[in-house]
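Visitor: Numbering follows our numbering, with no gaps: position 174 of the sequence shown is 178.
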Amino acid sequence: MRQERFDGAREGREICRVGDTVRRPSGPWTPAVHALLRYLESVGFEGAPRVLGVDDEGREVLRFVAGQDGRRVPDPWASLRAVGELIRRFHDAVRGFEPPPDALWRRPGSDGSSRAGPTIICHNDLAPYNTIYEDSRPTTLIDWDLAGPGSALTDAAHAAWSFVPLYTDEDCARIGLPVAARGPRLREFCDGYGLQDRDVFLDAVRTHLRTSQSSFARRSIPFLEKHRAEWEQHLL
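1. Where does the unbroken alpha helix (DSSP H) through R210 begin, and where does it stop?
2. If contact is defined by three or more beta carbon pairs under 8 Å, each pair taking one atom from either stretch, is the segment 24 to 35 in contact with the segment 56 to 74?
3. What is the C-beta distance between V168 and R189, in whole angstroms, given that I count them as a contact (C-beta under 8 Å)?
4. How long is the line joining the alpha carbons of G152 and Y133, rounded to whole angstroms?
5. Determine, using beta carbons only, whether E138 and G196 come nearer to each other than 9 Å.
6. On a Cα-Cα basis, can you pick out the residue from G154, R21, I124 and L240 that is closest to E102?
7. To the nearest angstrom, how far is it from the Cα of T34 to the Cα of D149?
8. Measuring CA to CA, which of K230, Q217 and P32 is closest to L108?
9. Going by C-alpha to C-alpha distance, which of S166, C20, R67 and I91 sits closest to R186?
10. Quick one: complete beta strand (DSSP E) runs, 3+ long, within the segment 54 to 94?
11. Assign S46 to buried or exposed, taking buried as 16 or more other Cβ atoms, counted over all protein chains shown, within 10 Å of its Cβ.
12. Between V87 and the rest of its own chain, which residues show a CB-CB distance below 8 Å, the 5 nearest in sequence each way excluded?
13. Among G100, R76 and A233, which residue has its Cα nearest to the Cα of R202?
14. Give a yes or no on whether the C-beta atoms belonging to L213 and L228 are separated by under 9 Å.
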């Protein structure tokens with residue numbers, strides 16, 4: 005059967021479509037991720053791919069999800085409320101998940117912050133490029149390889165940074181994103197998510213950015229500090 009390679013995958017990760025399936029490289033974390041995805045299916049969460057197993061080449065096999073990823077949607081930020089709602093449904097659904105005793109995660113550590121809330125299994129890379137849209141609305145969260153223990157607040161903080169986005173103006177221009185007022189967009193995302201901890205949310209974003217290995221993320225820290233008072237007016 006013909007294999008169609010997906011463009012835009014991270015270096016060293018060849019991801020292919022074969023019929024109505026997606027084949028992806030597996031790793032030591034794959035059994036834990038599959039247990040997570042099967043659990044989400046069992047509790048009726050429809051916003052994640054369905055696991056079909058592992059093929060003869062050792063690749064994980066997932067059901068193909070039709071649609072466009074957020075990089076190809078004209079304005080994924082127009083649906084920020086729906087993004088927040090989708091992520092909240094995931095966080096609510098995953099709270100009952102008990103990982104297998106031998107579970108290995110590619111990103112095994114929590115952020116260690118007691119203020120961040122109880123530990124759940126987070127996606128850890130919620131972003132437009134890991135979200136499938138249909139008719140300009142987010143339907144499915146994909147690429148779960150980095151899933152692991154963390155807090156819902158930190159997972160939501162990363163999502164807000166990626167989706168609003170809370171990038172610097174220069175980084176937005178560099179990757180072709182329109183420069184727009186972040187405060188109203190941040191409120192739209194948080195309203196969709198139903199966020200209660202708004203007084204500490206920007207602290208969570210800052211902590212996440214400081215612990216990131218990405219220079220792209222760290223460049224956002226002074227930008228956040230510069231605009232924090234303005235953004236908080238929209239949140240509080």
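In this text, a Cβ means the ideal position worked out from N, Cα and C, and glycines have one as well.
Guide: Concretely, from the data shown:
1. By one-based count along the sequence shown, residue 210 stands at place 206. It spans R202 to T215 - the alpha helix (DSSP H) in which R210 sits, taken as one unbroken run.
2. yes
3. The count along the sequence shown starts at 1 and reaches residue 168 at position 164. The count along the sequence shown starts at 1 and reaches residue 189 at position 185. Between R189 and V168 the Cβ distance is about 5 Å, and since that is below 8 Å, they are a contact.
4. Counting from one through the sequence shown, the residue named residue 152 turns up at place 148. Counting from one through the sequence shown, the residue named residue 133 turns up at place 129. Roughly 19 Å separates the two Cα atoms.
5. On the sequence shown, residue 138 is found 134 positions in, with the first residue counted as 1. On the sequence shown, residue 196 is found 192 positions in, with the first residue counted as 1. Taking 9 Å as the Cβ cut-off, E138 and G196 do not qualify as a contacting pair.
6. Start at 1 with the first residue of the sequence shown, and residue 102 comes out as number 98. Per the Cα distances, I124.
7. Start at 1 with the first residue of the sequence shown, and residue 34 comes out as number 30. Start at 1 with the first residue of the sequence shown, and residue 149 comes out as number 145. Taking the straight line joining both Cα atoms gives about 7 Å.
8. Numbered from 1 along the sequence shown, position 104 holds the residue referred to as residue 108. L108 has its Cα closest to that of P32, out of K230, Q217 and P32.
9. Mapped onto the sequence shown, residue 186 falls at position 182. It is S166.
10. 55 to 58 and 64 to 67
11. As a position in the sequence shown, residue 46 is number 42, starting the count at 1. S46 should be labelled exposed.
12. On the sequence shown, position 83 is the one that residue 87 refers to. Once the five neighbours on either side are set aside, the close Cβ partners of V87 are P80, T135, P142, A163, F167, F193 and G196.
13. Looking up residue 202 in the sequence shown gives position 198. Nearest C-alpha to R202: A233.
14. On the sequence shown, position 209 is the one that residue 213 refers to. On the sequence shown, position 224 is the one that residue 228 refers to. Taking 9 Å as the Cβ cut-off, L213 and L228 qualify as a contacting pair.
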